[in-house]
Structures are given as structure tokens and as C-alpha cells.
Amino acid sequence: MDLCVTIKGVSFLLQTGVGILGNTVVLLAYAHLMYTEPKLLPVDMILCHLAFANLMLLLTRCVPQTMTAFGMSDLLNDPGCKVVIYAYRIGRALSVCITCMLSVFQAVTIAPAGPRVSKLKPALPSLVLPTFAGLWLLNMAICIAAPFFSMAPRNGTVPAFTLNLGFCHVDFRDNLSYIINGVAVSGRDFAFVALMVGSSGYILLLLHRHSRKVRGIRRSQGGGAETRAAKTVITLVVLYVVFFGIDNIIWIYMLTVAKVSPVVADMRVFFSSSYASLSPYFIISSNKKIKAKIVCAAEQDQPSVDNQESRDK
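For the sequence shown, numbering that gives the first Met the number 0 begins at 0 and goes up steadily by one.
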């Protein structure tokens, strides 16, 4: 096997394995929290949904990409490609939208009391599920064209204005369809990224201006948890914006050429999927509830291991 192909395959394999493990751990921890606690906080519900969207992205994009990188061919037929590409587009879209939602909800949570904010804060838990439903419907509508352009790879040369994903082809047939798709997807992403950056900037401003006040709230009302959650949100937003910037630089380049090199497409996939792979570990490291569940699960497994060792002796 060629060295470049091996490096690509191993890179996708590590990214996929690390990402699936991390997001699965987050989902299992939150599932246990939902079982043991009466209800989750809005931020916890959003983080849980973010982990689900990222897992969906990894399963529909990185798993087949990894299998293709190691030489597996004819993975999907035309209907399979349509389903996988549509699911991937929705998962990718939900990742950016839910990260934005997380930033906006956290900004509202720590915002100073006011006539409008005071009415909105109590309503946040009831707004989470309708917002999820709205984001799903929005992105399912925006991504509806993806199945019509997706097909299994054909033998021979790749036509112009076709994204060669290895396991599937996305054939836009003409320059107009190619540009319209790119503008629609990029426009949606830039709108949500601008909103998340704005709300994160507002969070930073509040933390900077009211640091002494926040310390007082921490002592009296447990405001430290809100501060930690805000810092987690900002970290996730910065992480997303970095990979989003790299992803879109490559995407803009891809829009300017008729035939895209598979290497360029692979680089874009790797960077666009890096957030989905790394974000669960930031969530785990900064969320005390998830940490506690993981430690509890590890401690429950330890006695059984010790008992087995004692029996072996």
C-alpha cells in the first residue's frame, strides 16, 4: 500500500475511533443522568444533542471514508449514497447550529437581570425541544437537494462539478447547481457562526465586566457552575471557528475549480470532522456531572476486576 494512502487511512481511522468513543461516552453519561435525575438543565440537553449530531456526522462520513482509504470499494449503491450523504449533511449542519444554540442559550443564562431577560430565563427549558425541532426541519429542508445529486461511483473519469468522496459521488451536473449549493450551505454556516461568535463575545464581555460580581454570586448562589459552563461554551465556539475557517477556505477553493482533487476533498473532510472528534473531550474535561458518572462507572468495574484477580490467586 502506498505510504500516502496508509497515512490517510490511519489518520481517518484515529479520528473516527477517537470521535466515536468520545461522543458515545458523553451520550451514555447523559443517558444515565436522565435516568437518575428528574430533568436536565438546558445546557446539558444541548450538549447531549451536540454529541448525537457529531456522532451522526462521524458515522455517515468518516466511517465510509476510512473504509475507502483502506481500499474497500463498492461500499454503497445509489440509494445508499443518497441516504448517507443526506444524513451526513444534516449531521454537519446540526453540529454548527447546535453549537450556536449552546452559545446563545448560555449568553441568555448569564445575562444581567432585566425586564425581557427575566421573562426569558424561566422559559429556556421549555424552548429547548422546540428549537431542536426547528433546527432539524430547517436543515432537512436546506439539505433536501443532496440526495438528488448523490450516486455510487461510476467507472471511468469523474465528470466536472463532481465531488469525489471515494465511496460516493456528488454530481452537480453544471456550474450553476454547484455554485447555488455552495452558496446555500456556506450562507447558512456563516450566519450561525456569526451568531455564535457574537453571543460568545457577549459572554466574554459579561465575564470581564462583572468578574467581582460573579465571584459574589458563586459564594452565595453557586454561580461558579454558570461561569464554568460559559467557559466551556467559549472553548467549543473557538474550536469550531478554527476548524470552520480551515474548512471554508478549502471549500471556497473547491468552488473555483471544475475538477477537485481527491486529496483536497480528503483534507476538507478531515478538518471539517475534527470538531466532531475533539469536542466531546472538552465537554468531558469541563463537565463535573459527566466526570462523576465516568469515575463512578470506573469504580464499579474495579471491584469486579479485583475479585477476579483474588480468585485467580
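Glycine included, C-beta positions come from ideal geometry on N, C-alpha and C.
- Contact between A183 and I141 holds: their C-beta atoms lie close to 6 Å from each other, under 8 Å.
- M71 carries a coil assignment under DSSP once its states are collapsed to helix, strand and coil.
- Taking 3 residues as the minimum length, the beta strand (DSSP E) runs contained wholly in the stretch 127–195 are 161–163 and 168–170, in order along the chain.
- The C-alpha of D77 is placed about 45 Å away from the C-alpha of A122.
- Residue range L2 to T35 is occupied by the alpha helix (DSSP H) that includes G8.
- Cβ contact annotation for D188 (same chain, cutoff 6 Å, sequence separation greater than five): V95, in chain order.
- Note that the C-beta distance between S284 and Q14 is not below 7 Å.
- A Cβ-Cβ separation of about 11 Å leaves V25 out of contact with A52 under the 8 Å criterion.
- Under the three-state reduction of DSSP, L203 is assigned to helix.
- In chain order, L254 place their CB closer than 6 Å to the CB of G181, counting only its own chain and leaving out the 5 sequence neighbours on each side.
- Residue nearest to T108 within the set L205, L136, P152 and L32 is L205 (criterion: CA-CA distance).
- Per the Cβ contact rule, the stretch 86–95 is not in contact with the stretch 22–41 (fewer than 3 Cβ pairs under 8 Å).
- Distances from the alpha-carbon of I202 to those of Y177, M33, L74 and C99 put C99 closest.
- Pairwise C-beta distances place the stretch 158–173 in contact with the stretch 65–83, as three or more of them are shorter than 8 Å.
- The shortest C-alpha to C-alpha distance from L128 to any of V256, V232, V294 and D43 is the one to D43.
- Ranking I179, N22, R115 and I249 by CA distance to the CA of S278 puts N22 first.
- With respect to F243, V192 sits close: the two C-beta atoms are nearer than 7 Å.
- For I97, the number of other beta carbons within 10 angstroms of its own is at least 16, and it is reported as buried.
- A direct Cα-to-Cα measurement between C61 and S117 gives close to 43 Å.
- The continuous stretches of alpha helix (DSSP H) do not include G113, and DSSP gives it neither H nor E.
- With respect to P63, L56 sits apart: the two C-beta atoms are not nearer than 7 Å.
- In summary, C80 is buried, with 16 or more beta-carbon neighbours lying within 10 Å of its beta-carbon over all protein chains present.
- In the three-state DSSP reduction, K288 falls in the helix class (H, G or I).
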